[in-house]
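Q: Under the working numbering, think of the first position of the sequence shown as 1, with each following residue one higher. Glycine included, every Cβ here is placed at the ideal spot set by N, Cα and C. None of these values were measured; they are calculated from a predicted model.
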Amino acid sequence: MGAYKSRPPSSCSEAWLKRVKDSYVTLRTRVAQDTTVNEDNELSALQQACCVDDLDEILQLISDANIHEKTDSGLTLLHLCCMDGGCRSVVRFLARVGASINSLSERGFTALHVASFKGDIELVGDLLMGGADVGSVGYASITALHLACLGGHAQVAELLLRYDADLHAQDALMFTPLHCACFFGHDQVVKCLINHNADINMSSGVGVRPLHLACTKGFLTVAKLLITGRKNNKADVNIHDNEKNTPLHYCARTGHISTLKHLLDPAYGVKGLDDNIYGDTALHTACYHGRLNVAKELVLRLGQECLAMENIFSETPLHSACTYGKNLDLVRFLLEQPGVDVNQQGRDGHTALHSACYHGHTPVVQLLIDCGANLDLACHDDVITSHNKKQTCLTWARERGHDDVVALLKKVSQEVMSRSGED
Numbered sequence: 001m002g003a004y005k006s007r008p009p010s011s012c013s014e015a016w017l018k019r020v021k022d023s024y025v026t027l028r029t030r031v032a033q034d035t036t037v038n039e040d041n042e043l044s045a046l047q048q049a050c051c052v053d054d055l056d057e058i059l060q061l062i063s064d065a066n067i068h069e070k071t072d073s074g075l076t077l078l079h080l081c082c083m084d085g086g087c088r089s090v091v092r093f094l095a096r097v098g099a100s101i102n103s104l105s106e107r108g109f110t111a112l113h114v115a116s117f118k119g120d121i122e123l124v125g126d127l128l129m130g131g132a133d134v135g136s137v138g139y140a141s142i143t144a145l146h147l148a149c150l151g152g153h154a155q156v157a158e159l160l161l162r163y164d165a166d167l168h169a170q171d172a173l174m175f176t177p178l179h180c181a182c183f184f185g186h187d188q189v190v191k192c193l194i195n196h197n198a199d200i201n202m203s204s205g206v207g208v209r210p211l212h213l214a215c216t217k218g219f220l221t222v223a224k225l226l227i228t229g230r231k232n233n234k235a236d237v238n239i240h241d242n243e244k245n246t247p248l249h250y251c252a253r254t255g256h257i258s259t260l261k262h263l264l265d266p267a268y269g270v271k272g273l274d275d276n277i278y279g280d281t282a283l284h285t286a287c288y289h290g291r292l293n294v295a296k297e298l299v300l301r302l303g304q305e306c307l308a309m310e311n312i313f314s315e316t317p318l319h320s321a322c323t324y325g326k327n328l329d330l331v332r333f334l335l336e337q338p339g340v341d342v343n344q345q346g347r348d349g350h351t352a353l354h355s356a357c358y359h360g361h362t363p364v365v366q367l368l369i370d371c372g373a374n375l376d377l378a379c380h381d382d383v384i385t386s387h388n389k390k391q392t393c394l395t396w397a398r399e400r401g402h403d404d405v406v407a408l409l410k411k412v413s414q415e416v417m418s419r420s421g422e423d
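#1: How about L77 and A99: do their beta carbons lie closer than 7 Å?
#2: Going by C-alpha to C-alpha distance, which of D275, G401 and P266 sits closest to T362?
#3: Ignore the nearest five residues each way along the sequence and tell me which others in A282's own chain have a CB closer than 7 Å to its CB.
#4: To the nearest angstrom, report how far apart M1 and E243 are at their CA atoms.
#5: Look at the alpha carbon of C427 and the alpha carbon of K18, and state the distance between them as a whole number of angstroms.
#6: On a Cα-Cα basis, can you pick out the residue from L128, L161, N195 and D274 that is closest to K231?
#7: Is the separation between the beta-carbon of A317 and that of L302 shorter than 7 Å?
#8: Taking the straight line between their C-alpha atoms, what separation do you get for H451 and A321?
#9: If you run the structure through DSSP and keep just helix, strand and coil, what is R162?
#10: Just checking, does the segment 152 to 159 make contact with the segment 117 to 124 on the three C-beta pairs under 8 Å criterion?
#11: Which runs of the alpha helix (DSSP H) at least 4 residues long sit entirely within the segment 65 to 106? Give them in chain order.
#12: Would you call S386 buried or exposed, if buried means 16 or more other Cβ atoms sit within 10 Å of its Cβ?
#13: State the DSSP-derived secondary structure class of Q170, mapped to helix, strand or coil.
#14: Inspect the CB distances between the segment 22 to 34 and the segment 96 to 114 and report whether three or more fall short of 8 Å.
#15: Is it true that the CB of S141 sits closer than 7 Å to the CB of A172?
#16: With DSSP as the reference, identify every bridge partner of C50, one or two as the case may be.
#17: If I'm right that L55 touches S89 with Cβ under 8 Å, what's the distance once you round it to whole angstroms?
#18: Ends of the alpha helix (DSSP H) at A321?
#19: Considering only the alpha carbon of each residue, which of A132, A157, D133 and R162 lies closest to L178?
#20: So, with DSSP's three-state summary, where would you put R230?
#21: Taking DSSP as the reference, what is the three-state secondary structure of P8?
#22: With a 10 Å radius around its C-beta and 16 neighbouring C-beta atoms as the bar for buried, classify E315 as buried or exposed.
#23: If you check the beta carbons only, do I227 and N201 fall under 7 Å apart?
#24: Output the residue ranges of the alpha helix (DSSP H) runs that lie fully inside the segment 242 to 283 and measure 4 residues or longer, sorted by chain position.
#25: With distances taken from CA atoms, which of H79, R332, L94 and I257 is nearest K118?
#26: Between D236 and V206, how many whole angstroms is the CB-CB distance? I'm expecting something under 8 Å.
#27: What residues in its chain sit with their C-beta under 6 Å from that of D164, if we drop five residues either side in the sequence?
#28: What residue from Q304, V270 and V97 has the CA that sits closest to S63's CA?
#29: So what's C371 in DSSP terms, helix, strand or just coil?
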């Protein structure tokens, strides 16, 4: 059982996905830098010839002494050939005479990595025929197949797989190529990987699976491909991450209603009332993130039972919406539902009004008061022993320094007292 005030501001999976996003921004930047030459670099005549695919000049200049030369950033002759698309005859010649085909640049990429990232299928084919290592691992443990999937290059991915690229190689984020394709929404790449029997339910960091990624990004076509799968290799629609969040939780968090509706198709058997380690159902998650349309759909599909469920922080969905506090229409919707009591107290005694007061959501406080919220109901911090001093919503507002809320509560209390005196 957790104390309400100890609730973390975000989940591990949210923090992880932010890290994933930032990491791939960095990755894209680094590999893109290997597709250009810094103007400050002084290139040899041979390197300049490779940049413009001048085979005649290369034939005159190349020797055992310079065949392995690199730029200051570690770019080989073959890296330089990849920059402008690469002439087949030049690439094949350099590979045949022993140019460094699998050498990593200073930023951590081979020529095959760069060509795969760019989606140049002819260049990728020439490098592979020239002996490029399809499984070479670069910066952040990335492979050529990861980079093709990241860029949405289905034909390149298909070619790499024909050369036995590892379908289940994991990068530094523990993402497989399928995770990459799902994260960036490349449905044709996803289809290609599934056709090659990529493990649809493979876990990455914090237990995130491909279907979780499709749901958090709202990629409906990708989600459909994963759920349909191929033969016995299909996405588990109720699969958990390490915090026990299901794909439905991910849809609810980000508000992708079309994907959520598809998941809730009765044919798939989604368990809509499953909760995570915090006791949050998908409806709690939607309410903590202010997702009105998702909340409406979940209540419609799952019935009134979901409105009464309480998480480990003693919060029902109404409490959760008031904790978020930035969507008045969501709070109104929940209050309008049969059986929802504005004064319902969680196990620790706190009400929706306590939640709104604790976070300083003055408009929500006013709405709850207008709907009959009782200012005198008290809670306690210790739900196990109940020995702590009882605390009203005014106590919580004062504790957090929300002066506007304190002033509103005092004003309402005085008005109530005045009316009582008149009676």
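A: In brief:
#1: yes
#2: G401
#3: L248, H249, A252, G272 and L298
#4: Model confidence at M1 stands at a pLDDT of 42, short of 50, so the residue's coordinates are unreliable; what they give is reported in the following sentence. So the alpha carbons of these two residues sit roughly 16 Å apart.
#5: Residue 427 lies beyond the residue range present for the chain, which begins at 1 and ends at 423; the question has no answer from this structure.
#6: N195
#7: For clarity, residue 317 is Pro in the given sequence; the question names Ala instead. No. Outside cutoff.
#8: It is not possible to answer for residue 451, since the shown part of the chain is limited to 1 through 423.
#9: helix
#10: yes
#11: 77 to 83 and 88 to 96
#12: Per-residue confidence for S386 stands at a pLDDT of 47, beneath the threshold of 50, marking its modelled position as unreliable; the derived number appears in the next sentence. Answer is exposed; the Cβ neighbour count stays below 16.
#13: coil
#14: yes
#15: yes
#16: Its beta-bridge partners do not exist; DSSP assigns none.
#17: 6 Å
#18: P317 to Y324
#19: A157
#20: strand
#21: coil
#22: buried
#23: no
#24: 247 to 254 and 257 to 263
#25: H79
#26: Not quite, the Cβ-Cβ distance comes to about 17 Å (not below 8 Å), so this is no contact.
#27: none
#28: V97
#29: coil
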